[in-house]
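Engineer: First the structure, which I've put down as structure tokens, then a few questions once you've had a look.
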Amino acid sequence: MTTGNPDSARRVPTTTQWGSYEAVVEKGRVVAMDPVAADRDPSPIAAGMPGAQSDPVRILEPMVRKGWLEHGPGQAAGGRGSEPFVAVSWDRALELAAGELARVRRDHGDESVYGGSYGWASAGRFHHAQSQVHRFLALGGGYTTSRGSYSVGAMEVILPRVIGGGKWSVWERGPLWEEIADHARLVISFGGLAAKNAQVNPGGVGRHEVLELQRRCAAAGVRFVNVSPQRSDAADFLAAEWLSLRPNTDVALMLGIAHALLAEDLHDRDFLERCCHGWERFAAYLSGEEDGVPKTPAWAERICGVPAARIVALAHEIAAERTVINVSWSVQRQDHGEQVHWAAIALAAMSGSMGRPGGGFAAGLGVTSIGVRPDRQPVAALPQGENRVEAFIPVSRISDMLLSPGETYRYDGGTYAFPDVRLVYWAGGNPFHHQQDLNRLVRAWQRPETVIVHEPWWNPMARHADIVFPAATTLERNDIAAGMNDVALLAMHRAVAPPAAVRTDYEVLAALAERLGYGVEFTEGRSAEQWVEHLYEATREGLRERQIELPPFEEFWAAGSAELPAVERTGENSFFALRDDPDANPLDTPSGRVELFSETIASFDYDDCPGHPTWLEPAEWLGSRVADRFPLHLLSNQPRTRLHSQYDNGAQSRAAKVGGREPLLMHPADAAERGIADGDVVRLFNDRGACLAGAKLSDDLRRGVLVLPTGAWYDPQEPGGLDRHGNPNVLTRDHGTSELAQGPAAQSVLVEAEPFEGVPPTVMAFEPPLVLREADVEAGR
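Each residue of the sequence shown is one higher than the one before, counting from 0 in numbering that gives the first Met the number 0.
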């Protein structure tokens, strides 16, 4: 609902990565975000946007860290994250940043510039921070970049090796919700199907459809099994059976089911022999012929805690019914996370449902818009240009890179060296949210000579920078958007003007490019509004070649959206076509089949990723010796009230805090053993760090498991000290999933919990740092 006099309010259509809304504007301020009428399941995140536009942590002018301004570039020796900032003019800030980029490239080479960014900063196709900064750095000579993502770092490397195609192609081939409703009878979801994960979509959301389609499946009689330590990882309306297992033991459970299928001759021999490569090798591992350890249901029970009788019964149900084996993104973010998806593919191949309508393997059903439709029509994006620097890192190896330049690492069959990065340029994203072991990152972050950041708010990323450019928000820019698997092309109208001294990322980068001598190449002579229209017209022209006609830009802009026809499935890498005739329809793998054994991976000779799906004990889990000292397994899932750390300063996220701190879900029995009551301030700790959180007791958890969502703004008492706010990544282990993918393994972490003694420190995450005026600093005041 709107507030104030409705006659004086403007309603401005826009979209975000959590939904489409009408921004209600009164007297130059956004006062509400009303979901579009067509959205049955709108996200609550947008409720936090209006107040954040003008809250006390909004950055309103360019800033420079005091120590950097006084002493020049160099290793910060603890200054980043602790020192005050000095407000400077735009000319001064641009001069300093341009000078540093030129100096570092001249003295140390282009690979000494690291282009850090992440793709969730905005839904817009033009004002997409990652594209903007990568285009800017590529045109300037090149930069060290990152590969992979924190979201799916392990699976995007393992899946192309096992089933072929690109790193995202599995989502074009897995079963759709409508197919599941029409043909399937059983969905077993490892990692659950948490409803909150369906509220976001990279690139924007026309309307949320996932829960509506899940309701259709439930109404059609499809049964759901939620394999997770948390009961609420499936919507109540699904009436899902809850199989509570020890965290990080999904592979053992899958192998136990697979063994039962094999031992009772319930497996799909035809598909395994005709359409898979290495079945005999994998069967030898299941039976124990390879290593002397049969992977029986009883063996699996000892590891995962699910009763052997239920494991056997699941095998019978899978063999008798059209089944989907779904694996969430979360369970591959663990030690040896590659094995989870590989084992799930093997189980799906054995089930009899792979390559049949509504069945088989799915990766992330219930996450974003996966399973809604195969893909969307192509929409033009800002060209990023060619990066002439070959150096890269797997995205979650940033601390390793900064701490150990020149050291070698192995990744996906190759051996590489970490570059010697002297300057970090970051626009979009917050590594002090998503990187593991934040205390280690704080140490590593002192090593570059200069860190330049674009940010709207004083979040942890901005506080750990040297030069900060105040950036406009989504509500302060015009753009177009199109989400993954979405059929809507959406207009993002500017609701309000940015504050007087705040600029868009594009304006900042265009000004820097001009100073560095390639302004025309960067802008191509277009303003931001001209770029938005240009991208629309490029999309229109591309779709015309597919016999799809979009309206003229002015008509589209006035309407606020245009419908894009759904994309039809292709036969490329199709499991259906593979089952029909594997010789005529091979997968894009070395064998042309599903690789249950991979000679390629085996040839890499990785101890932590052998040639077939394997149970490998995590470094930290409830069955390890570490549990003697730290007996609680901490899971850090995605938050419900914000996207990652975005809008943690918004009203919606802050209202969910417990005593101003991130809520910690805890089983009542575990809490009682430690003298913890609902609402208490709890200290979580291990050898890597400690944080405070607010206890929220629930028997929806398996005993011995804690859940602390990611994204609470990092708020240490001192750099590397106690986090006052509840960021779980002060506790997580900074180690790659394996040498194959080097993905993040945040879900493999053990901790202990205790009531905080005394008066807990005040949370300072939403208080701005000390800001000085340049004239006062120069005068010594």
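All residues carry an ideal CB built from backbone N, CA and C; glycine is no exception.
#1: Select from LEU739, ARG273, LEU511, VAL566 the residue whose C-alpha is nearest the C-alpha of GLY370.
#2: Can you tell me which of GLY719, GLY710, HIS433, LEU515 puts its alpha carbon nearest to the alpha carbon of GLY152?
#3: Would you mind listing the alpha helix (DSSP H) stretches within the stretch 274-340 that are 4+ residues and don't spill past its ends, in chain order?
#4: For the alpha helix (DSSP H) that THR599 lies in, which residues bound it at each end?
#5: Can you give me the Cβ contacts of PRO768 inside the same chain, cut-off strictly under 7 Å, excluding the 5 residues immediately before and after it?
#6: To which residues of the same chain is ASP6 closer than 6 Å at the C-beta, ignoring the five residues directly before and after it?
#7: Would you report the Cα separation of THR2 and LYS26, rounded to the nearest angstrom?
#8: For chain C, check one thing: does any of its Cβ atoms lie closer than 8 Å to the Cβ of ASN726?
#9: Could you tell me which of GLU288, ALA618, ALA752, ALA676 sits nearest to HIS734, measuring between CA atoms?
#10: Mind checking whether TYR357 and ALA183 have CB atoms under 8 Å apart?
#11: Could you pull out every unbroken alpha helix (DSSP H) segment of at least 4 residues lying fully inside the stretch 70-146, listed in chain order?
#12: Which residue comes first and which comes last in the alpha helix (DSSP H) that contains GLU506?
#13: Given a cut-off of 8 Å on the beta-carbon distance, is the pair TRP17 and SER42 in contact?
#14: Taking the beta strand (DSSP E) that ALA694 belongs to, which residues open and close that run?
#15: On the CB-based measure, 16 or more other CB atoms within 10 Å of its CB, does MET0 come out buried or exposed?
#16: Would you say GLY123 and ALA480 are within 8 Å of each other, going by their C-beta atoms?
#17: Where does the unbroken alpha helix (DSSP H) through VAL531 begin, and where does it stop?
#18: Kindly indicate which three-state DSSP category GLU211 falls into: helix, strand or coil?
#19: Ends of the beta strand (DSSP E) at SER560?
#20: Just mark SER526 as buried or exposed, buried being the case when its beta carbon has 16 or more other beta carbons within 10 Å.
#21: Go through its chain and collect everything with a Cβ distance to SER130's Cβ below 7 Å, but skip five positions before and after it.
#22: Within 10 Å of its beta-carbon, does ARG372 have 16 or more other beta-carbons around it, so buried, or fewer, so exposed?
#23: When you compare only the Cα positions, how much space is there between LEU707 and LEU634?
#24: Quick one, which of CYS690, ASP580, PHE629, ALA670 has its alpha-carbon nearest GLU272's?
#25: Answer yes if the stretch 101-114 comes into contact with the stretch 130-142, meaning at least three C-beta pairs across the two stretches below 8 Å, and no otherwise.
#26: Which residue's Cα is closest to the Cα of TRP614: LEU254, GLU523, GLY559, LEU631?
#27: For PHE236, count neighbouring C-beta atoms within 10 Å of its own C-beta (all shown protein chains included) and say buried if the count is 16 or more, exposed if not.
#28: Check for me: the beta strand (DSSP E) holding ASP38 runs from which residue to which?
#29: Assess, as a yes-or-no matter, whether the stretch 656-664 is touched by the stretch 689-698 under the definition of 3 or more beta carbon pairs within less than 8 Å.
#30: Quick one, are the C-beta atoms of GLU756 and ALA711 less than 8 Å apart?
#31: Among the candidates THR449, GLU208, TYR408, whose CA atom is the shortest distance from the CA of TYR605?
#32: Can you tell me the Cα-Cα spacing of ALA774 and ALA51, whole angstroms?
#33: Enumerate in chain order the residues of its own chain whose CB-to-CB distance from VAL507 is below 7 Å, with the five nearest sequence positions on each side excluded.
#34: Are TRP278 and CYS216 close, meaning C-beta to C-beta below 8 Å?
#35: Let me know the secondary structure DSSP gives GLN651 once reduced to three states.
#36: Take ALA782 as the anchor and find which of LEU595, HIS335, GLY570 has the nearest alpha-carbon.
Structural biologist: Concretely, from the data shown:
#1: Counting from one through the sequence shown, the residue named residue 370 turns up at place 371. Nearest option by C-alpha distance: VAL566.
#2: In the sequence shown, residue 152 corresponds to position 153, counting from 1. For the residues GLY719, GLY710, HIS433, LEU515, the minimum Cα distance to GLY152 belongs to HIS433.
#3: 278-286, 296-303, 307-319
#4: Walking along the sequence shown from the start, residue 599 turns up at place 600. Segment 598-603, the alpha helix (DSSP H) holding THR599.
#5: Here residue 768 refers to the residue found at position 769 when the sequence shown is read from its first residue. Within the same chain, PRO768 has close Cβ partners PRO83, PHE84, TRP457, ARG462.
#6: Along the sequence shown, one-based indexing puts residue 6 at 7. Confidence at ASP6 is low in this model, with a pLDDT of 48, below 50, so the placement of that residue is unreliable and no value is reported for it.
#7: On the sequence shown, residue 2 is found 3 positions in, with the first residue counted as 1. On the sequence shown, residue 26 is found 27 positions in, with the first residue counted as 1. Caution applies to THR2, whose pLDDT of 37 falls short of 50 and renders its modelled position unreliable; the model cannot decide the point.
#8: Checking the listed chains, one finds no chain C in this structure; it contains a single protein chain.
#9: Residue 734 sits at position 735 when you count from the first residue of the sequence shown. Of the candidates GLU288, ALA618, ALA752, ALA676, the one whose C-alpha sits nearest the C-alpha of HIS734 is ALA618.
#10: Numbered from 1 along the sequence shown, position 358 holds the residue referred to as residue 357. Numbered from 1 along the sequence shown, position 184 holds the residue referred to as residue 183. Looking at the sequence shown, residue 357 is not Tyr but Gly. In contact: GLY357 and ALA183 (Cβ atoms closer than 8 Å).
#11: 89-107, 128-138
#12: On the sequence shown, position 507 is the one that residue 506 refers to. Looking at the DSSP string, the run of the alpha helix (DSSP H) that includes GLU506 is 504-514.
#13: By one-based count along the sequence shown, residue 17 stands at place 18. By one-based count along the sequence shown, residue 42 stands at place 43. Against a cut-off of 8 Å, the Cβ pair of SER42 and TRP17 comes out as a contact.
#14: Locating residue 694 in the sequence shown gives position 695, counting from the first residue. Here the beta strand (DSSP E) through ALA694 covers 689-696.
#15: By one-based count along the sequence shown, residue 0 stands at place 1. The predicted position of MET0 is uncertain, since its pLDDT is 29 and thus under 50; a value taken from the coordinates is nonetheless stated next. MET0 should be labelled exposed.
#16: Along the sequence shown, one-based indexing puts residue 123 at 124. Along the sequence shown, one-based indexing puts residue 480 at 481. Yes, these two residues count as a Cβ contact at 8 Å.
#17: Against the sequence shown, residue 531 aligns to sequence position 532. Segment 527-543, the alpha helix (DSSP H) holding VAL531.
#18: As a working mapping, residue 211 is identified with position 212 in the sequence shown. In this structure, GLU211 counts as helix in the three-state DSSP scheme.
#19: In the sequence shown, residue 560 corresponds to position 561, counting from 1. Start and end: 560-562.
#20: In the sequence shown, the residue the question calls residue 526 occupies position 527. Counting Cβ neighbours within 10 Å, SER526 comes out exposed, since fewer than 16 surround it.
#21: Sequence index remark: in the sequence shown, residue 130 carries index 131 (1-based). Same-chain partners within the cutoff: ALA380, LEU381, GLN383.
#22: Position 373 of the sequence shown holds residue 372. It counts as buried.
#23: What you label residue 707 is simply residue 708 of the sequence shown in a count that begins at 1. What you label residue 634 is simply residue 635 of the sequence shown in a count that begins at 1. Their backbone Cα atoms lie some 6 Å apart in a straight line.
#24: Walking along the sequence shown from the start, residue 272 turns up at place 273. Out of CYS690, ASP580, PHE629, ALA670, ASP580 has the C-alpha closest to the C-alpha of GLU272.
#25: yes
#26: The residue you call residue 614 lines up with position 615 of the sequence shown. For the residues LEU254, GLU523, GLY559, LEU631, the minimum Cα distance to TRP614 belongs to LEU254.
#27: To locate residue 236, count along the sequence shown from 1; it is residue 237. By the neighbour-count rule (16 or more Cβ atoms within 10 Å), PHE236 is not buried but exposed.
#28: Here residue 38 refers to the residue found at position 39 when the sequence shown is read from its first residue. Neither: ASP38 is in no beta strand (DSSP E) and is coded neither H nor E.
#29: yes
#30: In the sequence shown, residue 756 corresponds to position 757, counting from 1. In the sequence shown, residue 711 corresponds to position 712, counting from 1. Result no, Cβ atoms of GLU756 and ALA711 do not sit closer than 8 Å.
#31: Numbered from 1 along the sequence shown, position 606 holds the residue referred to as residue 605. Nearest C-alpha to TYR605: TYR408.
#32: Locating residue 774 in the sequence shown gives position 775, counting from the first residue. Locating residue 51 in the sequence shown gives position 52, counting from the first residue. Roughly 29 Å separates the two Cα atoms.
#33: Locating residue 507 in the sequence shown gives position 508, counting from the first residue. Around VAL507: HIS453, PHE468.
#34: Counting from 1 along the sequence shown, the entry for residue 278 is found at position 279. Counting from 1 along the sequence shown, the entry for residue 216 is found at position 217. Result no, Cβ atoms of TRP278 and CYS216 do not sit closer than 8 Å.
#35: Taking the first residue of the sequence shown as position 1, residue 651 is located at position 652. GLN651 falls in the helix class under three-state DSSP.
#36: This structure cannot settle anything about residue 782, because the visible part of the chain is limited to 0 through 780.
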